[in-house]
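Top line first, the protein sequences correspond to chains W and P.
Take numbering that gives the first Met the number 0: the final residue in the first sequence is number 322, and no numbers are missing along the way.
Take numbering that gives the first Met the number 0: the final residue in the second sequence is number 322, and no numbers are missing along the way.
Notes to accompany the following structure.
There are 2 protein chains.
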Amino acid sequence: MQKATARAHPNIAFIKYWGNCDDDLRLPSNPSLSMNLAGAHTETTVEWIDGLTADDLEINGQPATEDASQRVSAHLDRIRKRLGIDVHAHVASENNFPMGAGIASSAAAFAALTVAAVAAAGETLTERELTTIARMGSGSASRSVPTGFVEWFAADTHEESYAQSFAGPDHWNLCDVIAVISREHKKTVSQAGHRTAMTSDLQPARVAGAQARFDICRQALVERDFATLATVVEEDSNLMHAVMMTSRPPLFYWLPGSLTVMQLVPEWRQQGLNVCYTLDAGPNVHCICTADAADEVRSRLQALSEVVDVRMTTPGGPAEVTR
Amino acid sequence: MQKATARAHPNIAFIKYWGNCDDDLRLPSNPSLSMNLAGAHTETTVEWIDGLTADDLEINGQPATEDASQRVSAHLDRIRKRLGIDVHAHVASENNFPMGAGIASSAAAFAALTVAAVAAAGETLTERELTTIARMGSGSASRSVPTGFVEWFAADTHEESYAQSFAGPDHWNLCDVIAVISREHKKTVSQAGHRTAMTSDLQPARVAGAQARFDICRQALVERDFATLATVVEEDSNLMHAVMMTSRPPLFYWLPGSLTVMQLVPEWRQQGLNVCYTLDAGPNVHCICTADAADEVRSRLQALSEVVDVRMTTPGGPAEVTR
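Below, the structure is given as structure tokens:
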């Protein structure tokens, strides 16, 4: 087999990844936890072609930018090294969701790329190893390899910083109702942002508390305890953005409309709706809610002039070879 | 003399006060630094009246709320104790600016109250002692007693946590161009907010860096170095709001319109305008600028739909007895 296609979902972090102890290996400063998003995916085909003089990447049918091509090629280098091959590849990737606007496109992209590239070479690796390889392409991509609700461990070594599922997508029918505030591509890509994390005086304190929040969040998910989940998810999101906005230079991912939604969601929860907010490195607000609250959350979001679109998604499966 | 009137200006902090080591004495967790605001003032008349059975307070010609009356009476108790008197007072206070919306009304109020009450009793205290008494009424009131640019020291004892001027109002013709985002009274008064500061995991790190920021800011003011001032003022404001929004429960003082202005101001600075932002415990954005930039800043703010009013003020003098 020289060619394979894999599909992976993006994920929304409930406990955030922000900052590395090791930038080259992308060993994260803290453990994180996420839910795959069924409603969105990246599908990537990798074809290893003898005689090709360089890797070649297209995204959504267009030749990729120089930056994207280099990042993908660097990732293929890691896979070539691991598999002991010396061939270049043609890579074609399709997203069914907008890139760079708060839905983690690089997570799905590097998860799908890793799984497709290994399969195309006719190799079989453990899921655990696939998560560590994907991690080196984009940290949160490690969490898009396993299914459903996923934990990614912080560790000192490449092998120990892996991700695994702790509950399948059917464990709890949560919804992520995404309030799209802007479709513009964000100014600072997450990769660059991670490097600024340690310039914030607040990052050590955020990291110091992360394991405790991780434990609370994981247990709340296991026990389907929404009230506990809501508090820790919002707190963890606020902590990450607090670090971002106190970095040097400061990073503000929120737009005014993000704040509008962030201020309404806790009020809705006080009114009895099971909903909480979380924001990745972008302006869109992920409103995490129980299935019974999802339609109401969607219609309330749609009524806001600051919200340009609403997407609704349920827990997603693992990265998989599709053909 | 049984009756005296004093006038005091509010102040805008460049290095923020947030959180106490001692709530009763209002000994602050960190040193802070501010500029008095000439364009706004509180004028307070205190009359000590023999035979009055209780203190009596009116604000802007109306009987004050129970909460405000109790807080003023508690402050008069401190002054009675210090001066060795046992008389109640009629207090009438007038503000020429809206209360509770980001302009520190309690600072001007407790500075004027302290100065008027002492003068009405026919006593003369040092400015240093007046700042420590005012501090117990409202922490930042200590900074509204001296003139111009004022530093307030963090210390372990009542006597050592005083404020003093390090430059008069004529030292540097900075302007505070205030973008009024909302005239609504804020939901959480600062007094309650200060008590939540230590519930944020980030407060120790903010406090740990405060003396360094204070030193940088003070020197930038002494040297009239706007670029340095701008960076440290915005950073310190962001740090305080980072602590607020990660407190338990979280406190969000920003409104969407606050964020609009906060995102524009650094862009304007990059375009060559000497302006930076800072926000107290409220949604209004204080745009600190050099005098030559003030008209341009004002007209740019007035053009924003989120800005309901713009006020412009220069450095102010001390709290003074007016009659």
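Using N, Cα and C, we set each Cβ at its ideal position, and we do this for glycine too.
Because the structure is a prediction, the values reported are computed rather than measured.
Residue i at chain W interface by Cβ criterion, 9 Å
i	result
Arg205/P	yes
Arg268/P	no
Leu124/P	no
Leu258/P	yes
Asp21/P	no
Gln262/P	yes
Pairwise C-alpha distance: residue j and residue i
i	j	result
Leu114/P	His40/P	Per the sequence shown, the amino acid found at residue 114/P is Val instead of Leu. Whole-angstrom Cα-Cα distance: 14 Å.
Ala140/W	Gln262/P	30 Å
Gly271/P	Asp66/W	31 Å
Asp291/P	Ser246/W	30 Å
Asn29/W	Asp200/W	16 Å
Cys174/P	Lys15/P	18 Å
Ala110/W	Leu278/P	42 Å
Cys216/P	Ala12/P	11 Å
His74/W	Ala302/P	48 Å
Lys80/P	Pro265/W	45 Å
Gln162/W	Pro27/P	A small correction: the amino acid at residue 162/W is Ala; Gln does not occupy that position in the sequence shown. Going from the Cα of Ala162/W to the Cα of Pro27/P covers about 44 Å.
Ala5/P	Thr321/P	5 Å
Pro9/W	Gly167/W	15 Å
Arg25/P	Met197/P	14 Å
Ala63/P	Glu57/P	5 Å
Arg212/P	Ser31/W	32 Å
Leu124/W	Gly256/W	44 Å
Met244/P	Phe251/P	5 Å
Ile177/P	Pro282/P	11 Å
Gly138/P	Phe96/W	51 Å
Ala153/P	Met34/P	18 Å
Arg267/P	Val221/P	According to the sequence as given, residue 267/P is Trp; it is not Arg. Approximately 24 Å between the Cα atoms of the pair.
Residue i - DSSP class collapsed to helix/strand/coil
i	result
His87/W	strand
Lys80/W	helix
Leu124/P	coil
His8/W	coil
Ser31/W	strand
His74/P	helix
Ser104/P	helix
Ala280/W	coil
Leu56/W	strand
Thr43/P	strand
Leu300/P	helix
Gly99/W	Residue placement at Gly99/W cannot be trusted, given a pLDDT of 48 that sits under 50; the coordinates are not used to answer.
Asn19/W	strand
Phe148/W	strand
Arg310/W	strand
Glu93/P	strand
Gln210/W	helix
Cutoff 9 Å: residue i Cβ touching any chain P Cβ
i	result
Gly99/W	Because Gly99/W sits at a pLDDT of 48, beneath the cut-off of 50, its placement in the model cannot be relied upon, and the following sentence gives the value as read from the coordinates. It does not; no Cβ of chain P falls within 9 Å.
Met197/W	no
Leu112/W	no
Leu201/W	yes
Of the residues the options, the one placed nearest residue i, counting alpha carbons only
i	options	result
Trp171/W	Ala219/W, Ala67/W, Glu295/W	Ala219/W
Ala229/P	Thr259/P, Cys288/P, Pro255/P, Pro62/P	Cys288/P
Gly18/W	Glu233/W, Tyr276/W, Ala280/W	Ala280/W
Ile84/W	Ser236/W, Tyr16/W, Ile48/W	Ile48/W
Gln1/P	Ser31/P, Leu26/P, Pro282/P, Thr44/P	Thr44/P
Ala7/W	Ser104/W, Phe225/W, Asp169/W	Ser104/W
Asn237/P	Ala293/W, Val242/W, Glu234/W	Val242/W
Met239/P	Leu51/P, Glu222/P, Leu82/P, His193/P	His193/P
Ser72/W	Ala88/W, Leu82/W, Gly60/W, Ser33/W	Ala88/W
Gly208/W	Trp151/W, Thr195/W, Val231/W	Val231/W
Gly121/P	Arg223/P, Val149/P, Ala3/P	Ala3/P
Asp155/P	Glu295/P, Asp22/P, Arg310/P	Asp22/P
Ser92/W	Ala108/W, Arg268/W, Leu82/W	Ala108/W
Asn273/P	Val284/P, Glu295/P, Asp55/P, Ser160/P	Glu295/P
Ala53/P	Leu36/P, Gln210/P, Asp76/P	Asp76/P
Leu82/W	Glu305/W, Asn59/W, Val117/W	Val117/W
Met311/P	Pro317/P, His285/P, Asp214/P, Asp169/P	His285/P
Residue i at chain A interface by Cβ criterion, 9 Å
i	result
Trp253/P	The structure shown has no chain A; the protein chains it does contain are W and P.
What residues in the region 238 to 251 of chain P have a beta carbon less than 7 Å from any beta carbon of chain W? Under the 7 Å Cβ criterion, the region 238 to 251 of chain P contributes Leu238, Ala241, Met244, Thr245, Pro249, Phe251.
What residues in the region 59 to 80 of chain W bring their beta carbon closer than 8 Å to a beta carbon of chain P? Residues passing the 8 Å Cβ filter: none.
Interface residues of the region 285 to 316 of chain W facing chain P [CB-CB below 7 Å]: Answer in chain order: no residues at all.
Please name the residues in the region 33 to 54 of chain W whose beta-carbon is closer than 8 Å to at least one beta-carbon of chain P, in chain order. So nothing in the stretch comes that close.
Taking beta-carbon pairs under 8 Å, can you tell me which members of the region 209 to 239 of chain P lie near chain W? Within the region 209 to 239 of chain P, the qualifying residues are Glu233, Glu234, Asn237, Leu238.
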